[in-house]
Ligand SMILES: Nc1ncnc2c1ncn2[C@@H]1O[C@H](COP(=O)(O)OP(=O)(O)O)[C@@H](O)[C@H]1O
Ligand SMILES: [Mg+2]
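In this note's numbering, the protein residues as written are 29 to 300.
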């Protein structure tokens with residue numbers, strides 16, 4: 029049902045989301061993996077692109093280092109095409125372009141290139157097989173360098189995980205400026221579609237305060253669903269499976285499933 033609607037969107041068939049925040053450890057990778065899994069679970073076809081040299085999303089989905097000969101570096105450097113770079117994950121409907129530390133080189137190599145902001149966008153658009161996926165989710169590194177710039181240029185929308193802790197909102201204004209800069213230069217249609225509150229700890233007043241501030245300042249951009257701090261969520265990556273598969277009943281998984289539902293609702297309202 030969703031598919032038909034979604035495929036009428038835009039001139040290309042899939043919608044691309046960059047999951048970005050220049051701060052490390054705020055839940056980008058966890059959100060990318062589990063939102064992707066939640067969307068895949070309801071039958072949407074999802075491609076996750078791991079664009080972090082640390083490769084945490086690749087590890088979190090169970091890809092060993094020796095399974096990463098084609099990867100997001102070979103993709104953006106033009107050595108491999110999108111279709112050649114994709115691997116099936118263990119999760120039905122969820123495919124991935126894995127990452128390696130080679131990506132660190134891209135930060136440097138692309139600096140001199142005239143098209144340095146467009147490499148990923150071109151690699152995605154060149155693929156003539158663009159009806160395969162409903163959504164492409166790009167897991168960004170914790171920096172506002174060339175890799176994140178590539179993700180924002182390729183994206184239709186940005187999702188920002190915001191950890192419920194002190195200084196969370198300060199980093200956000202810097203990210204907003206970057207999004208604005210990308211709009212003015214590389215990608216005028218880029219939207220800031222959603223802020224996702226992560227690692228919410230109900231025993232901590234600060235968590236409540238950050239959540240309140242975020243909703244006051246950013247209004248409906250903030251998803252209603254809040255992701256709680258939950259130890260099961262942090263255990264899952266070492267098993268190479270999403271939290272949603274590791275323990276689908278834990279509070280973190282329930283929240284990520286709700287996030288996927290809310291995401292789909294927002295998408296269908298958006299298209300209406
Ligand atoms: N909801 C959560 N509850 C508990 N731990 C979490 C949660 N979300 C993320 N973590 C853990 O916090 C750390 C940072 O999360 P991660 O998603 O890797 O952040 P980022 O990609 O922004 O650097 C990881 O060890 C992860 O397992
Ligand atoms: Mg990460």
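Cβ coordinates follow ideal geometry from the N, Cα and C atoms, glycine included.
1) Mind the definition here: the stretch 68-80 touches the stretch 192-204 only if three or more C-beta pairs lie below 8 Å; say whether that holds.
2) Based on the DSSP secondary-structure assignment, which residues constitute the bridge partners of residue 116?
3) If we ignore side chains and look at the alpha-carbon of each, how far apart do residue 70 and residue 64 end up?
4) Is it true that the CB of residue 239 sits closer than 7 Å to the CB of residue 220?
5) Residue 55 and residue 189: beta carbons closer than 7 Å?
6) Please tell me whether residue 59 and residue 84 are closer than 7 Å, where the distance is taken between their beta carbons.
7) Look at residue 75 and residue 166 and say whether their C-beta atoms are less than 7 Å apart.
8) From the DSSP output, in three-state form, read off residue 37 for me.
9) For residue 301, write down the residues that DSSP places opposite it in a beta bridge.
10) Quick one: using the 10 Å Cβ neighbour count with 16 as the cut-off for buried, is residue 169 buried or exposed?
11) Compare the beta carbon distance of residue 145 and residue 177 with 7 Å and say whether it is the shorter of the two.
12) Kindly indicate the opening and closing residues of the beta strand (DSSP E) around residue 191.
13) Buried or exposed for residue 89, please, with buried defined as at least 16 other CB atoms from any protein chain shown within 10 angstroms of its CB.
14) Determine the direct distance from the alpha carbon of residue 279 to that of residue 243, and round the result to whole angstroms.
15) Can you tell me whether residue 270 is buried or exposed, with buried defined as 16 or more other CB within 10 angstroms of its CB?
16) Quick one, which of 43, 45 and 49 has its alpha-carbon nearest residue 204's?
17) Please say whether residue 62 and residue 6 have beta carbons closer to each other than 7 Å?
18) Between which two residues does the beta strand (DSSP E) holding residue 197 run?
19) Between the alpha carbons of residue 235 and residue 192, how many angstroms are there, rounded?
20) Alpha carbon to alpha carbon, how far is residue 125 from residue 147?
21) By Cβ distance below 6 Å, which residues in the same chain neighbour residue 138 in space, the five residues on each side in sequence not counted?
22) When you measure from the CB of residue 255 to every non-hydrogen atom of ligand 1, does any distance come out below 6 Å?
23) Residues in the same chain with beta-carbon distance under 6 Å from residue 206, minus the five sequence neighbours each way, listed in chain order, please.
24) Use the C-beta contact count for residue 51: other C-beta atoms within 10 angstroms, 16 or more gives buried, fewer gives exposed.
25) Using C-beta distances below 7 Å, list every residue in its chain close to residue 132, excluding the 5 sequence neighbours before and after it, in chain order.
26) Using a threshold of 6 Å, is the CB atom of residue 99 nearer than that to any non-hydrogen atom of ligand 2?
27) Please report the straight-line C-alpha distance between residue 209 and residue 218, rounded to a whole angstrom.
28) Can you name the residues that DSSP bridges to residue 226?
According to the data block:
1) no
2) Paired residue(s): 123.
3) Whole-angstrom Cα-Cα distance: 10 Å.
4) no
5) yes
6) The answer is no: Cβ separation not under 7 Å.
7) no
8) With a pLDDT of 41 at residue 37, under the threshold of 50, the modelled position of that residue is not reliable, and the figure given next carries that caveat. Coil.
9) This structure cannot speak to residue 301, because the chain is shown only from 29 to 300.
10) Buried is the call here.
11) yes
12) 185-191
13) buried
14) 22 Å
15) buried
16) Comparing Cα positions, the closest option is 49.
17) There is no way to answer for residue 6, as the model of the chain reaches only from 29 to 300.
18) Boundaries for residue 197: no beta strand (DSSP E) harbours it, while the alpha helix (DSSP H) harbouring it runs 196-213, taken from the DSSP string.
19) Roughly 5 Å separates the two Cα atoms.
20) 15 Å
21) Excluding the 5 residues flanking it on each side, residue 138 has same chain C-beta neighbours closer than 6 Å at 144 and 174, in chain order.
22) yes
23) 172
24) buried
25) Only 81 meet the Cβ criterion.
26) no
27) 10 Å
28) 191
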